[in-house]
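Positions 258 to 855 (my numbering) are the ones given, in order, by the sequence shown.
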Amino acid sequence: MSKWDFHPDRALDILERISDAFFSLDRKGRFTYVNSQAERLLRRCRAELIGRHIWTEYPDAIGTIFHTEYEKSLAEGTAKVFEGFYAPFDSWFEVRVHPATDGLAVFFIDITQRRAVQQALQEREEDLNRAQAVAKTGSWRLNVGRNELLWSDENYRIFGIPKDTPLTYETFLAAVHPDDRDFVDRSWRAARRGEPCEIEHRIVVGSEVKWVRERAELEFDRQEMLIGGFGTVQDITDRKRAEEHIRSAALFPEQNPFPVLRVAQDGTLLFANSSARALLEQWECQLGRQVPVEVKQALETALENAVRQELRICCDGRQLSFTLVPIVENNYVNFYGHDITERERVQAELLGAKEAAEKANRVKSQFLANMSHEIRTPMSGVMGMLELVLDTNLTAVQRRYLEIARDAAESLLQVINDILDFSRIEAKKLVFANEPFSLRECLSGTVDLLSLKARQKGLELKLDIDPEGPEIVVGDPDRLRQVLFNLIGNAIKFTEKGEISVHVRSCPQQTGDDRHRLLFSVRDTGIGISAEGQRRLFQAFSQVDDSHTRRFKGTGLGLAICKEIVARMGGEIRVESEEGSGSLFTFTVQLGRHSDRT
Ligand code: ADP
Numbered sequence: 258m259s260k261w262d263f264h265p266d267r268a269l270d271i272l273e274r275i276s277d278a279f280f281s282l283d284r285k286g287r288f289t290y291v292n293s294q295a296e297r298l299l300r301r302c303r304a305e306l307i308g309r310h311i312w313t314e315y316p317d318a319i320g321t322i323f324h325t326e327y328e329k330s331l332a333e334g335t336a337k338v339f340e341g342f343y344a345p346f347d348s349w350f351e352v353r354v355h356p357a358t359d360g361l362a363v364f365f366i367d368i369t370q371r372r373a374v375q376q377a378l379q380e381r382e383e384d385l386n387r388a389q390a391v392a393k394t395g396s397w398r399l400n401v402g403r404n405e406l407l408w409s410d411e412n413y414r415i416f417g418i419p420k421d422t423p424l425t426y427e428t429f430l431a432a433v434h435p436d437d438r439d440f441v442d443r444s445w446r447a448a449r450r451g452e453p454c455e456i457e458h459r460i461v462v463g464s465e466v467k468w469v470r471e472r473a474e475l476e477f478d479r480q481e482m483l484i485g486g487f488g489t490v491q492d493i494t495d496r497k498r499a500e501e502h503i504r505s506a507a508l509f510p511e512q513n514p515f516p517v518l519r520v521a522q523d524g525t526l527l528f529a530n531s532s533a534r535a536l537l538e539q540w541e542c543q544l545g546r547q548v549p550v551e552v553k554q555a556l557e558t559a560l561e562n563a564v565r566q567e568l569r570i571c572c573d574g575r576q577l578s579f580t581l582v583p584i585v586e587n588n589y590v591n592f593y594g595h596d597i598t599e600r601e602r603v604q605a606e607l608l609g610a611k612e613a614a615e616k617a618n619r620v621k622s623q624f625l626a627n628m629s630h631e632i633r634t635p636m637s638g639v640m641g642m643l644e645l646v647l648d649t650n651l652t653a654v655q656r657r658y659l660e661i662a663r664d665a666a667e668s669l670l671q672v673i674n675d676i677l678d679f680s681r682i683e684a685k686k687l688v689f690a691n692e693p694f695s696l697r698e699c700l701s702g703t704v705d706l707l708s709l710k711a712r713q714k715g716l717e718l719k720l721d722i723d724p725e726g727p728e729i730v731v732g733d734p735d736r737l738r739q740v741l742f743n744l745i746g747n748a749i750k751f752t753e754k755g756e757i758s759v760h761v762r763s764c765p766q767q768t769g770d771d772r773h774r775l776l777f778s779v780r781d782t783g784i785g786i787s788a789e790g791q792r793r794l795f796q797a798f799s800q801v802d803d804s805h806t807r808r809f810k811g812t813g814l815g816l817a818i819c820k821e822i823v824a825r826m827g828g829e830i831r832v833e834s835e836e837g838s839g840s841l842f843t844f845t846v847q848l849g850r851h852s853d854r855t
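Below, the structure is given as structure tokens:
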């Protein structure tokens, strides 16, 4: 019995006429029938194929989808439908393989063309999707007849709805922000009545609120019934946010409690916030009018030099400070004001307090100076009387006691002298004489006075004066003596053995120099001064080591006074010292030339 249940000739006739290519294979894979469409697609005539094995005729298909699906269909006895590419023909085929009792019946068509079109369509769609993603604009299409609403990929993305979710108008409305739902619904109904639809509204995507701009073009039939439409949905969240920033930035000066102004180069007021009202009243100025001349001058300077300016303005009993920021490219200046009334008041108070403190200090110093003077006068009396009593006949014990009293009075006078000088320095009352005196006499007098003390300690005191130096100079001999007295006195005080040498050198004259520059040095072989001690040496009330106060008398004022005196005489004082090996004090002074000398 044949496999066809009607006359085989008729069946073959039908197979010849169908548009599909068709061939049949026996169970071993040999061609049993090939219709003329198949001859064309297989590129062989049926006489060459009938009875031949399919895989020997088309060996390139072995291992491809054609081969595997044929095998499966045979083995499983099920039909297979697939698309495959056959490289030797550079063609795509759609194949349907049906198992038959004695082999396989195969229908196939060439779909190369169709696939090319499909491919092109797909590419187009991909391009569209990409363009929509870049433009952040999705689209939709409505077909009322087919009850179909289609969204583009970008539309799904904007609404945050998984792609290919079935859509209804309600799905869309649910995504709209609750506050905008009424408005959107009303607009859509109006659009369905033929009104143009172009709206902006918010949607809620997860926890985020987005802004979209919708445009719809609806199509109606002759009876004005809606048949479909096309629409776009643009994500304008970024733009809306920027707009909000601009709006709030525009509000910014309004929220400023101080005046903010903008003035054009020609002095025209372009902008003023509400905090500037009082100022504008004071200026009798308003938008579009001229600001006062002094303000205009300040803004011109700011623009010309392209630098910020500060401008102080009094308004309503308040002190305002304006920072003028020139915007050169726009030819205007922004004024940012702030209230500094409080700051200035505090500054003024601080300044007042400082002045008061300084004045009190001066008054105190003046008082000390006066007091020292008052103490010194009776002390001179005490000392004079002691000297007179010492010149009389006394017992050895009486003499001893009176000598101790005289030494104590001398020390006390020295202390008082120091305090007096220091107070005068503080009160800026130290006066300097300007008289001719003999440099040699001044120096040897001082050294002579102290040589007794040195000898008592077993120290040698040497004086060496530059023979090239001047004989008579003009200045204050007492002040010079005071400095030397202090330095040599200290040297003796802080040296136990060795010598103290005093040098005076004349510094080289400079042309046109009308003064003598002299360098004095006092060197000792005493206890020396530590580095830290040297740093504090010329400060008032400082003694290098507190324990010295016990062993060595003194106020710690001597060197501070010396420093001031030397400075006032146009010089400097320095120290070099090493603990245990001695100290070298040097100072320079400038003294006037004596006109009698050549
Ligand atoms: P005072 O009047 O107490 O001597 P000075 O200002 O003259 O004050 O000296 C301050 C301190 O500096 C002294 O107490 C001493 O510690 C130190 N000093 C000054 N001269 C010397 C020196 N030649 N050798 C060592 N120490 C010195």
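C-beta: ideal position from N, C-alpha, C; glycine also. Keep in mind that this is a model prediction, so the values were computed, not measured.
May I ask you to check if the CB of Ser840 is nearer than 7 Å to at least one heavy atom of ligand 1?
Yes - ligand 1 has a heavy atom lying nearer than 7 Å to the Cβ of Ser840.
Applying the 10 Å Cβ sphere with the 16-neighbour rule, what's the burial state of Arg736?
Arg736 should be labelled buried.
Pro345 by DSSP, collapsed to three states: which one?
DSSP places Pro345 in helix when its eight states are reduced to three.
Using only the alpha-carbon positions, how far apart do Gly360 and Arg284 sit?
For Gly360 and Arg284, the distance between alpha carbons rounds to 4 Å.
Please report the straight-line C-alpha distance between Arg633 and Gly641, rounded to a whole angstrom.
Straight-line Cα distance between these residues: approximately 12 Å.
Does DSSP put Arg519 in a helix, in a strand, or in coil?
Judged by DSSP in its simplified three-state form, Arg519 adopts strand.
Does ligand 1 have even one heavy atom less than 7 Å from the beta-carbon of Asn747?
Yes; taking the cut-off as 7 Å, the Cβ of Asn747 has a heavy atom of ligand 1 nearer than that.
Segment limits, beta strand (DSSP E) that includes Glu501
Bounds of any beta strand (DSSP E) do not take in Glu501; it lies within the alpha helix (DSSP H) bounded by Thr494 to Gln512.
Count the other CB atoms, across all protein chains shown, that sit within 10 Å of the CB of Arg407; report buried if there are 16 or more and exposed otherwise.
Residue identity check: residue 407 is Leu in the sequence provided, not Arg. It counts as exposed.
Consider the C-beta atom of Gly785 and the heavy atoms of ligand 1; say whether any pair is separated by less than 7 Å.
Proximity of the beta carbon of Gly785 to ligand 1 is indicated: a heavy atom of the ligand is located closer than 7 Å.
Would Ile484 pass as a contact of Val469 if the rule is Cβ separation under 8 Å?
No, they are not a contact pair.
Assumed close pair Phe365, Leu298 - CB separation to whole angstroms, cut-off 8 Å:
Contact flag correct, Cβ pair sits at about 7 Å.
With a threshold of 8 Å, are at least 3 pairs of Cβ atoms found where one atom belongs to the region 650–660 and the other to the region 620–636?
No: fewer than three Cβ pairs fall under 8 Å.
Pair within 8 Å by beta-carbon distance, Leu744 and Ile676:
Taking C-beta atoms as the reference points, Leu744 and Ile676 fail to come closer than 8 Å.
Quick one: using the 10 Å Cβ neighbour count with 16 as the cut-off for buried, is Asp678 buried or exposed?
When all chains shown are included, Asp678 counts as buried.
What residues are listed by DSSP as bridge partners for Ser758?
For Ser758, which the question treats as bridged, DSSP gives the partners Lys719 and Arg780.
Cβ-Cβ distance between Arg479 and Cys454 below 8 Å:
The beta carbons of Arg479 and Cys454 sit no closer together than 8 Å.
Measuring only the C-alpha atoms, how far is Pro549 from Ile597?
Inter-residue distance for Pro549 and Ile597 is about 21 Å (C-alpha atoms, whole angstroms).
Quick one: any contact between the region 774–784 and the region 748–759, if contact means 3 or more CB pairs under 8 Å?
The region 774–784, when compared against the region 748–759, does touch it at the 8 Å Cβ threshold.
Let me know if His502 comes out buried or exposed under the rule of 16 or more other beta-carbons within 10 Å of its beta-carbon.
Exposed, by the Cβ-count rule.
Give a single yes or no on whether Gly837 has its beta carbon closer than 7 Å to a heavy atom of ligand 1.
Not a single heavy atom of ligand 1 lies less than 7 Å from the C-beta of Gly837.
Endpoints, the alpha helix (DSSP H) within which Ser637 is located:
From DSSP, the alpha helix (DSSP H) with Ser637 extends over Thr598 to Leu647.
For Gln324 and Asn386, what's the separation of their Cα atoms in angstroms?
Note that residue 324 corresponds to His in the displayed sequence, not to Gln. Rounded to whole angstroms, His324 to Asn386 spans 38 Å at the Cα level.
From Asp523, Ala529 and Gln539, pick the residue whose C-alpha is nearest to that of Ala559; which is it?
With distances taken between CA atoms, Ala559 lies nearest to Asp523 out of Asp523, Ala529 and Gln539.
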